[in-house]
Amino acid sequence: MKVDMKLIEKKNIQIDRSILLITAWFTCLFMRTSLQHCAIDPFPGFLLLLNRQFNQLSCFIFMLMQFFVFDYINDAIGGWTLITAISYASIAVYLNFYTHNKRITIAQSILYTATAAICFDAITLWIGPLYFGQPITSALIGQIPFTIDHVIRACLFNVAIKAIYEQTSCIKNKQTT
């Protein structure tokens with residue numbers, strides 16, 4: 000009986016990818032539910048790490064499920080759930096398209112993270128006026144400091160997660176050589 004080592008390696012890689020995706024998904028959900036008052040946005044950091052391993056559909060589903068499960072846990076499912084989920088899922092698909100199979104520098108990841116946070120906030124800015132009758136000027140004025148805070152926190156988290164990932168990759172590479 001001949002054993003095909005390439006097939007075994009491919010199955011191991013698929014299992015590793017699944018474990019990575021599930022771990023990242025639960026880590027993001029845990030951070031969002033336990034630190035929700037801090038407005039931590041772990042998605043760009045994790046998606047930039049996962050973009051080489053997953054396709055656009057995986058990234059879309061990852062984000063869609065994050066928002067639906069988060070709102071379900073917090074008993075807050077509504078029309079905004081669909082808007083926020085599709086908004087960030089679309090951003091994740093764009094990220095995957097733009098960065099798939101590319102090595103991303105810290106500067107590029109910060110630029111992407113800032114752009115993603117600004118786009119997401121620009122889209123979701125309209126939830127208050129559309130669903131709750133909030134005046135548009137009030138929403139815009141309140142959105143500016145929120146978006147600045149969102150961009151800063153997302154970029155800081157992105158840099159931290161990238162640094163941790165780079166360190167663990169270096170340690171892993173040293174151990175295998």
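Take numbering that gives the first Met the number 0: the final residue in the sequence shown is number 176, and no numbers are missing along the way. Where is the CB? At the ideal position from N, CA and C, for every residue including glycine.
- About 19 Å separates the beta carbons of Tyr164 and Leu28, which is beyond the 8 Å limit, so they are not a contact pair.
- Around the CB of Lys161, 16 or more other CB atoms lie within 10 Å, so the residue is classed as buried.
- Where Asn95 is concerned, the enclosing alpha helix (DSSP H) starts and stops at 78-98.
- Counting of Cβ neighbours within 10 angstroms places Ile109 among the buried residues, the total reaching 16 or more.
- For Val92, the CB contacts under 7 Å within the same chain, skipping 5 residues up- and downstream, are Gln55, Cys58, Phe59 in chain order.
- Between the segment 112-126 and the segment 73-84 there are three or more C-beta pairs closer than 8 Å, enough to call the two in contact.
- If you draw a 10 Å sphere on the C-beta of Asp74, you find fewer than 16 other C-beta atoms in it, and that means exposed.
- When the beta-carbon positions are compared, Phe66 and Tyr87 come within less than 8 Å of each other.
- Tyr71 and Asn100 have their alpha carbons spaced roughly 34 Å apart.
- Taking 8 Å as the upper bound for CB-CB distance, Ala153 and Ala116 are in contact here, some 5 Å apart.
- Here the alpha carbons of Asn157 and Pro134 stand approximately 33 Å from one another.
- If you check the CB distance, Phe42 and Met62 come in under 8 Å.
- Across the set Leu34, Arg51, Gly77, the C-alpha of Gly77 shows the shortest separation from the C-alpha of Tyr130.
- Phe69 is positioned such that its CB atom lies no closer than 8 Å to that of Arg16.
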